[in-house]
Structure formats: C-alpha cells, structure tokens
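Written out below as structure tokens is the structure these notes cover.
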Amino acid sequence: MKNLALTLVAFCTICLSTEVSAQTKISVTKTSAINKQRIAENLAIAEINKKMNAVDDELEGKTSKKSEKAKYCYLTEQLMNVASDYQGIRYQWGGMSRNGMDCSGFVKTAFNQFKIDLPRTSKEMASRGERVSASEAKPGDLIFFKNGGSRVINHVGIVIEVNGDDIKFIHSATSKGVSINSTKEAYYSRGFVQINRVYDRQVL
Numbered sequence: 050m051k052n053l054a055l056t057l058v059a060f061c062t063i064c065l066s067t068e069v070s071a072q073t074k075i076s077v078t079k080t081s082a083i084n085k086q087r088i089a090e091n092l093a094i095a096e097i098n099k100k101m102n103a104v105d106d107e108l109e110g111k112t113s114k115k116s117e118k119a120k121y122c123y124l125t126e127q128l129m130n131v132a133s134d135y136q137g138i139r140y141q142w143g144g145m146s147r148n149g150m151d152c153s154g155f156v157k158t159a160f161n162q163f164k165i166d167l168p169r170t171s172k173e174m175a176s177r178g179e180r181v182s183a184s185e186a187k188p189g190d191l192i193f194f195k196n197g198g199s200r201v202i203n204h205v206g207i208v209i210e211v212n213g214d215d216i217k218f219i220h221s222a223t224s225k226g227v228s229i230n231s232t233k234e235a236y237y238s239r240g241f242v243q244i245n246r247v248y249d250r251q252v253l
C-alpha cells in the first residue's frame, strides 16, 4: 500500500512537471512570437520614418531653392533700380560719383550698394564670377567689350534686358555718360567679348 502511494505521488509529480514544462514552452513560444512581431513593427516604423525624412529633405531642398531664386530675383530688381537711378550722369574717367563716372566706376558703385565688392577696372572685373554664354545672359550679369580696336577688355556694363540675341545693357559711355545700349548696335556687336555672372554664388 505504501509503495502504491509513493507510485501515485511520483506519477502526479511527473504529470505536473510535464504540464509546467509544456506551459513554459508555450509561454516562451508566445514571447518569441511577440518579440518577432515587435521587431517587425519597429523595422516597418523605421522604414516609414526613413521615407518621411527623405520626403522632408526633398521638400526642404525645393523650398531652399525657391527661397534662393526669390532672393536672386529681388536683388536683381534692386540692382536694376540702382543702376537706372544713375542714368544721365556724365562720363568722367576715374569717376565714381554723381559728378561723373567711367564704365567700371559706374558698375563698381552700383554693386557696392549691395556690399558686393568688385575690382576697379573692367579688365579685372572680367576675371570675377562665372562666365556664361550670351544665350544664358540674365539681368544683373556683367557684359564686357574690347572697344575702339583694343586688344584687351576695356569696357563693362550691366545687362538689364535679354530678348534672344538682343542684349540691352546700362553703362557709362564716353559720349553719353550713363545710358542704355544694345548688342544689336554695330559698334557694340563688334566689340562684344563675354558675359560674367558675379553675384548669385556670392550672396545666395
């Protein structure tokens, strides 16, 4: 009888242990599944955040470009206003005031209003900024000439309007002072050399 009781106790213990072990395995399996699910969810969230950040960066870049373009347009507009305000001032070699200006003195004075420092002579100015083709010219660019048979650049103006191959510019001419002319005119067509963009990278 005693042996039977011990046998029953042992059997119950084995059954209980088996049940606990099975429950433990189920619990571990459930925990593992939950962890896998959480990992998968975290990966999915990370991927979504990555895509959203990429979109934000793209939008920020577009906004920045729009802001730069707006600033460039505003600066160009103000430069045109300043340059036009000098129209009619007489030519004076070496001059940089309303009493008289030469070509590079006029250009330097106009750009100085916007804290854009340019060299004093047209030849030196021609080495500044980025050279662009005539077809890419925009208001605010500098236009250079070799006038009067000169072998070196000796004249500069500011582009104010572009209509195809007709580029209008404001400059200080020896005959008329600060005035507007065009590359369509034979004299300036012959002397035309190059166009430089000098301020989009400096100030934007």
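Residue numbering for the sequence shown follows the working numbering, starting at 50 and increasing by one per position. Built from N, CA and C at the ideal position, the CB exists for glycine as well. Nothing here was measured: the structure is a model prediction, and the numbers come from that model.
The C-alpha of Gly137 is placed about 16 Å away from the C-alpha of Ile209.
When beta bridges are read from the DSSP output, Gln243 appears opposite Phe193. Between His204 and Gly240, the beta carbon gap of about 7 Å places them in contact (Cβ cut-off 8 Å). Spanning the alpha carbons of Gly197 and Tyr237 requires a straight line of approximately 10 Å. Under the 8 Å Cβ criterion, the stretch 222–237 does not count as touching the stretch 161–175, having fewer than three qualifying pairs.
Around the beta carbon of Val211, 16 or more other beta carbons lie within 10 angstroms, which makes this residue buried. For Lys164, no beta strand (DSSP E) run applies, since DSSP gives it neither H nor E. Tyr248 carries a coil assignment under DSSP once its states are collapsed to helix, strand and coil. Here Asn245 is not near Gly144, since their CB atoms are 7 Å or more apart. A residue is called buried once 16 or more other Cβ atoms fall within 10 Å of its Cβ, and Tyr248 is buried on that count. If you compare the alpha carbons of Ala119, Leu191 and Phe163 with that of Lys217, the shortest gap goes to Leu191. Sequence-distant Cβ neighbours of Asp151 in its own chain, meaning closer than 7 Å and more than five residues away, are Tyr140, Gln141, Trp142, Gly143, Gly144 and Ser221. Under the DSSP assignment, Glu179 falls in the beta strand (DSSP E) whose first and last residues are Glu179 to Val181.
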